[in-house]
Amino acid sequence: MLEAATWLLIFQLAGEIIARLAGLPLPGPVLGMVLLVIALFLRPALAEKLGVLVDGLLANLGLLFIPAGVGVSLHLGLLREEWLPILVALIGSTIAGIVVTALVYDALAPREGSDEEKQR
Amino acid sequence: MTGPDGAALEDLWVYLATEPLLWLTATLVAYQFALFLQRRAAGSPLVNPVLIAVILLVALLAVSDIAYQTYFAGAQFVHFLLGTATVGLALPLWREGARLARRAVPLITALVCGSATAVASALGLAWALGASRETLLSLAPKSVTAPIAMGVSEQIGGLPSLTAVLVILTGAIGAVFATMTLDLIGVRNWRARGFAVGTAAHGIGVARAFQVHPVAGAYAGLAMGLNGLITALALPLLAHFL
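Protein chains in written order, with our numbering: chain A, 3 to 122; chain B, 123 to 364.
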């Protein structure tokens, strides 16, 4: 558990340092994720150590967005003023994005093999 | 020592309201309560735990007249873990390994089409309904993860703090509508479903995808990372034409 946390923080820190030094338009944690994927391919044993903590974190990923989400309270005035265009644009574009991404992928992707889990 | 009187209770409130403990606890309690509600609703995506917890906490802050900054001083410990969890997305990606590599072309093509659709339709709809220029520019990067979206917003002349709010709302909307939308268009495989939600609704979409299926979660996380990357590169160039 502690070892997993240490590894995650090391990769987060490395991502942050490299992104800033190289002036990349990526947040440190996203680069840290890329670095950790590479590290896992080089050293698969790392996966077992990370498993318990990472799976727990990702199962409750939603919790981690709440503090930023409560920041909505800072913009209630503007949201009240322009609620219609904002709401229509957000709902319409999010659904359009989901539909186009899913259909394009589905049209181009290889057929799912027999080893693949089928959805309900 | 006498029992707590009005002044003692007020002292206690002043202490608790400004210390991290109360707001950290409130965040976790609100989330647990929202999860409980979702379970009671048989896991319905309409009862999104992030959305419910945010509404509860915004209401609580309004009623108790506590500033967001005071709240965040406590909740920041949870917020910090967001970066750490993002690094952790490496694990489900690595587990997909070779299966992922075989699908590189469909994935990238779907990402570019879906991402462009989300940006163009958001701008088109908001513009047609008379949104201000500031709102439009803040809206453009709303489908990508908050730290990238805020940076892009600043670069193209939007309001980063407004973008953060629009990003959160987009994520919640994606989490609420994804299952219904994908069922409606008959896309059944977990990779397509996860990847679509991650492209359109970033981290909150990823959180929802992990609730549903681990493979959907892995592809949602991948989409979130890739969409952040191409949006950060492409939008500042395209913004010249806005």
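We put the beta carbon where it would ideally sit given N, CA and C, even for glycine.
Proximity below 8 Å, CB of residue i to CB of residue j
i                      : j                      : result
residue 102 of chain A : residue 231 of chain B : no
residue 104 of chain A : residue 247 of chain B : no
residue 196 of chain B : residue 144 of chain B : yes
residue 284 of chain B : residue 260 of chain B : yes
residue 182 of chain B : residue 171 of chain B : no
residue 317 of chain B : residue 222 of chain B : no
residue 321 of chain B : residue 286 of chain B : no
residue 239 of chain B : residue 88 of chain A  : no
residue 335 of chain B : residue 66 of chain A  : no
residue 75 of chain A  : residue 185 of chain B : no
residue 99 of chain A  : residue 325 of chain B : no
residue 234 of chain B : residue 68 of chain A  : no
residue 262 of chain B : residue 278 of chain B : yes
residue 72 of chain A  : residue 190 of chain B : yes
residue 42 of chain A  : residue 17 of chain A  : no
residue 207 of chain B : residue 63 of chain A  : yes
residue 21 of chain A  : residue 28 of chain A  : yes
residue 327 of chain B : residue 293 of chain B : yes
Separation of residue j from residue i, as counted between CA atoms
i                      : j                      : result
residue 314 of chain B : residue 224 of chain B : 14 Å
residue 122 of chain A : residue 46 of chain A  : For residue 122 of chain A, the pLDDT reaches just 39, beneath the cut-off of 50, and the residue's location in the model is therefore unreliable, leaving the point undetermined.
residue 80 of chain A  : residue 250 of chain B : 18 Å
residue 166 of chain B : residue 160 of chain B : 6 Å
residue 193 of chain B : residue 109 of chain A : 46 Å
residue 2 of chain A   : residue 129 of chain B : Because residue 2 of chain A is not part of the residues shown, which for chain A are 3 to 122, the question remains open.
residue 7 of chain A   : residue 52 of chain A  : 8 Å
residue 32 of chain A  : residue 39 of chain A  : 11 Å
residue 3 of chain A   : residue 50 of chain A  : 11 Å
residue 227 of chain B : residue 241 of chain B : 21 Å
residue 169 of chain B : residue 23 of chain A  : 42 Å
residue 154 of chain B : residue 359 of chain B : 42 Å
residue 60 of chain A  : residue 205 of chain B : 12 Å
residue 178 of chain B : residue 140 of chain B : 19 Å
residue 93 of chain A  : residue 354 of chain B : 22 Å
residue 44 of chain A  : residue 35 of chain A  : 14 Å
residue 100 of chain B : residue 132 of chain B : There is no way to answer for residue 100 of chain B, as the model of chain B reaches only from 123 to 364.
residue 11 of chain A  : residue 113 of chain A : 38 Å
residue 275 of chain B : residue 282 of chain B : 6 Å
residue 117 of chain A : residue 338 of chain B : No answer about residue 117 of chain A holds up, because its pLDDT of 42 lies below 50 and its placement is not dependable.
residue 296 of chain B : residue 9 of chain A   : 31 Å
residue 26 of chain A  : residue 288 of chain B : 24 Å
residue 82 of chain A  : residue 273 of chain B : 25 Å
residue 174 of chain B : residue 357 of chain B : 32 Å
residue 255 of chain B : residue 271 of chain B : 17 Å
residue 119 of chain A : residue 198 of chain B : Because the pLDDT at residue 119 of chain A is just 46, under 50, the model does not fix this residue reliably, and the value given afterwards should be weighed accordingly. Approximately 38 Å, taken between the alpha carbons.
residue 304 of chain B : residue 243 of chain B : 18 Å
residue 13 of chain A  : residue 210 of chain B : 9 Å
8 Å Cβ cutoff, residue i in contact with chain B
i                      : result
residue 52 of chain A  : yes
residue 47 of chain A  : no
residue 61 of chain A  : yes
residue 35 of chain A  : yes
residue 70 of chain A  : yes
residue 107 of chain A : yes
residue 126 of chain A : No information on residue 126 of chain A is available, as it lies outside the stretch 3 to 122 that chain A covers here.
residue 24 of chain A  : no
residue 116 of chain A : Here the model assigns residue 116 of chain A a pLDDT of 39, short of 50, so the residue's position is not dependable and the matter cannot be decided.
residue 73 of chain A  : yes
residue 5 of chain A   : no
residue 44 of chain A  : no
residue 8 of chain A   : no
residue 30 of chain A  : yes
residue 79 of chain A  : no
Heavy atom of the ligand ZN within 7 Å of residue i beta-carbon
i                      : result
residue 301 of chain B : Ligands in the displayed structure: none, and consequently the ligand ZN is not present.
Any chain A beta carbon closer than 8 Å to residue i
i                      : result
residue 265 of chain B : yes
residue 137 of chain B : no
residue 251 of chain B : yes
residue 151 of chain B : no
residue 140 of chain B : no
residue 228 of chain B : yes
residue 326 of chain B : yes
residue 296 of chain B : yes
residue 233 of chain B : yes
residue 285 of chain B : no
residue 185 of chain B : no
residue 361 of chain B : no
residue 347 of chain B : yes
residue 317 of chain B : yes
Taking contact to mean at least 3 C-beta pairs separated by less than 8 Å, is the stretch 53-68 of chain A in contact with the stretch 205-225 of chain B? yes
Sufficient close CB pairs (3 or more, under 8 Å) joining the stretch 317-333 of chain B to the stretch 284-300 of chain B: yes
Is it true that the stretch 262-280 of chain B meets the stretch 341-353 of chain B, where meeting means three or more beta-carbon pairs spaced less than 8 Å apart? yes
Counting Cβ pairs, one atom from each stretch, are 3 or more of them under 8 Å apart for the stretch 306-324 of chain B and the stretch 129-141 of chain B? no
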